[in-house]
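Student:
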Amino acid sequence: DTAVSQTPKYLVTQMGNDKSIKCEQNLGHDTMYWYKQDSKKFLKIMFSYNNKELIINETVPNRFSPKSPDKAHLNLHINSLELGDSAVYFCASSQFRTLNTEAFFGQGTRLTVV
Amino acid sequence: DAKTTQPTSMDCAEGRAANLPCNHSTISGNEYVYWYRQIHSQGPQYIIHGLKNNETNEMASLIITEDRKSSTLILPHATLRDTAVYYCMEGAQKLVFGQGTRLTINP
Numbered sequence: 001d002t003a004v005s006q007t008p009k010y011l012v013t014q015m016g017n018d019k020s021i022k023c024e025q026n027l028g029h030d031t032m033y034w035y036k037q038d039s040k041k042f043l044k045i046m047f048s049y050n051n052k053e054l055i056i057n058e059t060v061p062n063r064f065s066p067k068s069p070d071k072a073h074l075n076l077h078i079n080s081l082e083l084g085d086s087a088v089y090f091c092a093s094s095q096f097r098t099l100n101t102e103a104f105f106g107q108g109t110r111l112t113v114v
Numbered sequence: 001d002a003k004t005t006q007p008t009s010m011d012c013a014e015g016r017a018a019n020l021p022c023n024h025s026t027i028s029g030n031e032y033v034y035w036y037r038q039i040h041s042q043g044p045q046y047i048i049h050g051l052k053n054n055e056t057n058e059m060a061s062l063i064i065t066e067d068r069k070s071s072t073l074i075l076p077h078a079t080l081r082d083t084a085v086y087y088c089m090e091g092a093q094k095l096v097f098g099q100g101t102r103l104t105i106n107p
């Protein structure tokens with residue numbers, strides 16, 4: 001069983017399009033995250049949700065909108081895609097209530113904007 | 001921004017112990033030290049974490065200095081599959097990844 005699964009794995013789209021990336025975790029965790037890894041391989045946190053509530057919102061363009069229908073899902077919707085959005089996006093989950101916890105990551109979604 | 005510092009890269013011979021250092025001088029009293037690794041564009045993988053005491057699991061050992069300002073991750077018998085970028089981090093709620101250490105295991 002995959003703990004944190006993302007779909008799609010690869011996404012190629014044109015500038016200006018709107019796209020969504022889905023993430024699901026079956027670990028019973030209450031917190032989920034989105035990270036972006038750019039071409040320089042830096043991993044940056046974008047958002048975090050705890051029990052469907054936004055708790056971390058880094059400096060991310062408004063074109064990026066996370067949506068958490070329940071605590072097992074955190075989807076990322078991107079409007080008006082730009083070339084600079086090309087990156088690998090990782091979803092992760094953890095248990096928030098304790099500081100003594102590990103995060104599990106999905107395998108990533110490679111987004112290419114052309 | 002990441003609050004930890006690590007060497008950019010390291011090499012280790014296969015079968016030898018790989019010792020990866022990390023400085024985390026701003027760590028607060030209740031924050032754990034976490035280690036993750038990322039193998040060639042896969043999702044980051046948890047390795048180990050600790051607060052004050054040294055820790056060991058099936059993947060690695062973690063040695064934390066008494067003042068908690070630095071730690072060392074030890075892979076006791078490195079294999080080629082351990083080639084990856086290793087990240088050291090403070091805390092758990094908001095994992096902030098630095099540049100990490102690119103560890104290359106050589107045959």
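Which chain is which? The protein sequence lines are V and A, in order.
The letter at position 11 of the first sequence is residue 11 when you use my numbering, and the numbering goes up by one with no holes.
The letter at position 49 of the second sequence is residue 49 when you use my numbering, and the numbering goes up by one with no holes.
No residue lacks a Cβ here, since even glycine has one placed at the ideal position from N, Cα and C.
Our contact map puts residue 106 of chain V next to residue 6 of chain V with C-beta atoms below 8 Å; I'd like the distance itself, whole angstroms only.
Tutor: As a first step, residue 106 of chain V must be located in the first sequence, where it is residue number 106. As a first step, residue 6 of chain V must be located in the first sequence, where it is residue number 6. Indeed they touch by this definition, with Cβ atoms about 4 Å apart.
Student: Taking only beta-carbon atoms, is residue 21 of chain V less than 8 Å away from chain A?
Tutor: Taking the first sequence and counting its residues from 1, one reaches residue 21 of chain V at position 21. No - not a single Cβ of chain A is within 8 Å of the one on residue 21 of chain V.
Student: I need the straight-line Cα distance from residue 23 of chain V to residue 3 of chain V, nearest angstrom please.
Tutor: Here the question's residue 23 of chain V lines up with position 23 in the first sequence. Here the question's residue 3 of chain V lines up with position 3 in the first sequence. Cα to Cα, the separation comes out at about 10 Å.
Student: Does DSSP put residue 81 of chain V in a helix, a strand or coil?
Tutor: Here residue 81 of chain V refers to the residue found at position 81 when the first sequence is read from its first residue. Residue 81 of chain V falls in the coil class under three-state DSSP.
Student: Looking at the structure shown, is residue 110 of chain V part of a helix, part of a strand, or coil, going by DSSP?
Tutor: As a working note, residue 110 of chain V is residue 110 in the first sequence. Strand.
Student: Quick check: the Cα distance between residue 106 of chain A and residue 60 of chain V, rounded to an integer number of angstroms?
Tutor: Sequence index remark: in the second sequence, residue 106 of chain A carries index 106 (1-based). Sequence index remark: in the first sequence, residue 60 of chain V carries index 60 (1-based). So the alpha carbons of these two residues sit roughly 39 Å apart.
Student: In whole angstroms, what separates the C-alpha of residue 67 of chain V from that of residue 17 of chain A?
Tutor: Mapped onto the first sequence, residue 67 of chain V falls at position 67. Mapped onto the second sequence, residue 17 of chain A falls at position 17. Their Cα atoms are separated by approximately 44 Å.
Student: Is there at least one Cβ from chain A nearer than 8 Å to residue 64 of chain V's Cβ?
Tutor: Translated into positions along the first sequence, residue 64 of chain V becomes position 64. With 8 Å as the cut-off, residue 64 of chain V does not count as an interface residue toward chain A.
Student: If we count the other Cβ atoms within 10 Å of its Cβ and call it buried at 16 or more, is residue 8 of chain V buried or exposed?
Tutor: Locating residue 8 of chain V in the first sequence gives position 8, where the first residue counts as 1. Answer is exposed; the Cβ neighbour count stays below 16.
Student: Can you check which of these residues, A/83, A/39 and A/67, is closest to residue 52 of chain A by C-alpha distance?
Tutor: Walking along the second sequence from the start, residue 52 of chain A turns up at place 52. Minimum Cα distance to residue 52 of chain A is reached at A/67.
Student: At the 8 Å Cβ level, is residue 102 of chain V part of the contact set with chain A, yes or no?
Tutor: One-based indexing of the first sequence puts residue 102 of chain V at position 102. For residue 102 of chain V, the answer is yes, since a Cβ of chain A falls inside 8 Å of its Cβ.
Student: Mind checking who residue 6 of chain V pairs with in its DSSP beta bridge?
Tutor: Along the first sequence, one-based indexing puts residue 6 of chain V at 6. For residue 6 of chain V, which the question treats as bridged, DSSP gives the partners V/23.
Student: How many whole angstroms separate the CB atoms of residue 4 of chain A and residue 58 of chain A, which I take to be in contact at a CB cut-off of 8 Å?
Tutor: In the second sequence, the residue the question calls residue 4 of chain A occupies position 4. In the second sequence, the residue the question calls residue 58 of chain A occupies position 58. No, residue 4 of chain A and residue 58 of chain A are not in contact; Cβ-Cβ is about 24 Å, not under 8 Å.
Student: Do residue 83 of chain V and residue 34 of chain V count as a contact pair if the criterion is CB distance below 8 Å?
Tutor: One-based indexing of the first sequence puts residue 34 of chain V at position 34. One-based indexing of the first sequence puts residue 83 of chain V at position 83. Taking 8 Å as the Cβ cut-off, residue 34 of chain V and residue 83 of chain V do not qualify as a contacting pair.
Student: For a contact meaning CB atoms closer than 7 Å, what does residue 6 of chain A contact in chain V?
Tutor: Within the second sequence, numbered from 1, the residue matching residue 6 of chain A stands at position 6. Within 7 Å Cβ-Cβ: nothing; residue 6 of chain A doesn't reach chain V, min ~14 Å.
Student: Answer yes or no: do residue 54 of chain A and residue 39 of chain A have a C-beta to C-beta separation smaller than 8 Å?
Tutor: In the second sequence, counting from the first residue as 1, residue 54 of chain A sits at position 54. In the second sequence, counting from the first residue as 1, residue 39 of chain A sits at position 39. No, they are not a contact pair.
Student: Which one or two residues does DSSP pair with residue 11 of chain A in a beta bridge?
Tutor: Here the question's residue 11 of chain A lines up with position 11 in the second sequence. In the DSSP output, where bridge partners are listed per residue, residue 11 of chain A has A/104.
Student: I want to see whether chain V comes within less than 8 Å of residue 95 of chain A, judged by CB atoms only; does it?
Tutor: Within the second sequence, residue 95 of chain A is the residue found at index 95, counting from 1. It does: the Cβ of residue 95 of chain A has a partner Cβ on chain V nearer than 8 Å.
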